[in-house]
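Numbering follows our numbering, with no gaps: position 50 of the sequence shown is 400. A short write-up of the structure that comes next.
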Amino acid sequence: MAFRSLVPNTKPPSMLLTTWEGVRRGGKAPEFNSVSYHGKINENEWVVKISSMEPVSDEWLEKVFDGQVTWVYRKEWDAYPVLPPTTEFPPVKVDTGFYYVNAFEPFISTMETETIAARNVVDLLFNEQYGSSICGSRISGSPPLWFPPTLASKRIP
Ligand SMILES: Cc1cc2nc3c(=O)[nH]c(=O)nc-3n(C[C@H](O)[C@H](O)[C@H](O)COP(=O)(O)OP(=O)(O)OC[C@H]3O[C@@H](n4cnc5c(N)ncnc54)[C@H](O)[C@@H]3O)c2cc1C
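Spelled out as structure tokens, the structure:
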């Protein structure tokens, strides 16, 4: 791999990430967002994933990989939405029995936090519908619920 910032003849890192910092200082946009070596598929061939704001040209690939590119698969995936900072978020609870698991995504968007958000919604739903929760009889700190007689029979012990 040939990048000006890499020391020639040294082993390149398996992942390169760029930031927007240079642009903020009046410089040029980075040529790519990330370059990562994913695995060796035979003796002399590696799978390398490159993500960039615009498709990178064949010439660019040839230059960066010293003319050793064997095949290229390009996937246009408009995967970098503009997410401006905000203080307004959609409601977690939309209506009775109706919750929006992704309400926190504009605040923090990861698989882990979304898993927790989904778990919390199940907890809220249990609490609303059955006065129960995933881990025990009540969501901690929640006020006791009043159950109409029709719902009381659905209550999970
Ligand atoms: C570019 C990008 C990079 C990211 N990188 C990371 C990362 O490196 N690590 C990380 O942890 N998180 C990352 N995230 C965030 C992560 O992808 C989300 O937090 C996570 O996918 C949210 O999970 P989800 O199941 O709530 O929603 P989704 O994964 O969006 O799943 C919702 C599913 O519902 C389907 N669907 C929508 N409407 C309907 C409908 N009406 N009927 C049936 N199906 C429907 C959709 O097709 C989709 O499959 C990234 C997000 C983006 C956009």
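Even glycine gets a Cβ: it sits at the ideal position worked out from N, Cα and C.
Whose CA, out of the options, lies closest to the CA of residue i?
i	options	result
S401	R424, V373, D473 and E455	R424
W427	P434, M403, E409 and V357	M403
S407	I391, F382 and C485	F382
F457	P441, D445 and V472	P441
T368	P362, S384, V451 and L433	S384
K399	L366, L474 and Y430	L366
A468	S482, Y449, E478 and N477	Y449
N452	T463, D416 and N392	T463
F415	P435, N394 and P434	N394
K361	V444, R375 and Y387	Y387
Would you kindly work out how many angstroms separate the C-alpha atoms of residue i and residue j, rounded to a whole number?
i	j	result
K504	Y480	Its pLDDT being 48, under 50, K504 is placed unreliably in this model, and the value from its coordinates should be taken loosely. Distance between the alpha carbons of K504 and Y480: 6 Å.
E371	N470	36 Å
V419	K413	10 Å
G486	L475	14 Å
V422	V373	28 Å
With 16 as the cutoff for other CB atoms within 10 Å, does residue i come out buried or exposed?
i	result
A379	exposed
S510	Within the shown structure, residues of the chain are numbered from 351 to 507, placing residue 510 beyond reach of any answer.
For residue i, report the span of its alpha helix (DSSP H) as first-last.
i	result
K413	D408 to V414
L474	M461 to Y480
G372	E371 to R374
Look up residue i in the DSSP assignment and give the residues it is bridged to.
i	result
E395	N392
V458	The sequence given here places Ile at residue 458; Val does not occur at that position. Looking at the DSSP assignment, I458 forms no beta bridge with any residue, so it has no partner.
G486	S483
S512	What is shown of the chain runs 351 to 507, which leaves residue 512 out entirely.
Y449	K443
Got a sec, what are the start and stop residues for the beta strand (DSSP E) residue i sits in?
i	result
E444	Note that residue 444 is Val in the sequence shown, not Glu. V444 -> beta strand (DSSP E) spans K443 to D445.
L366	M365 to L367
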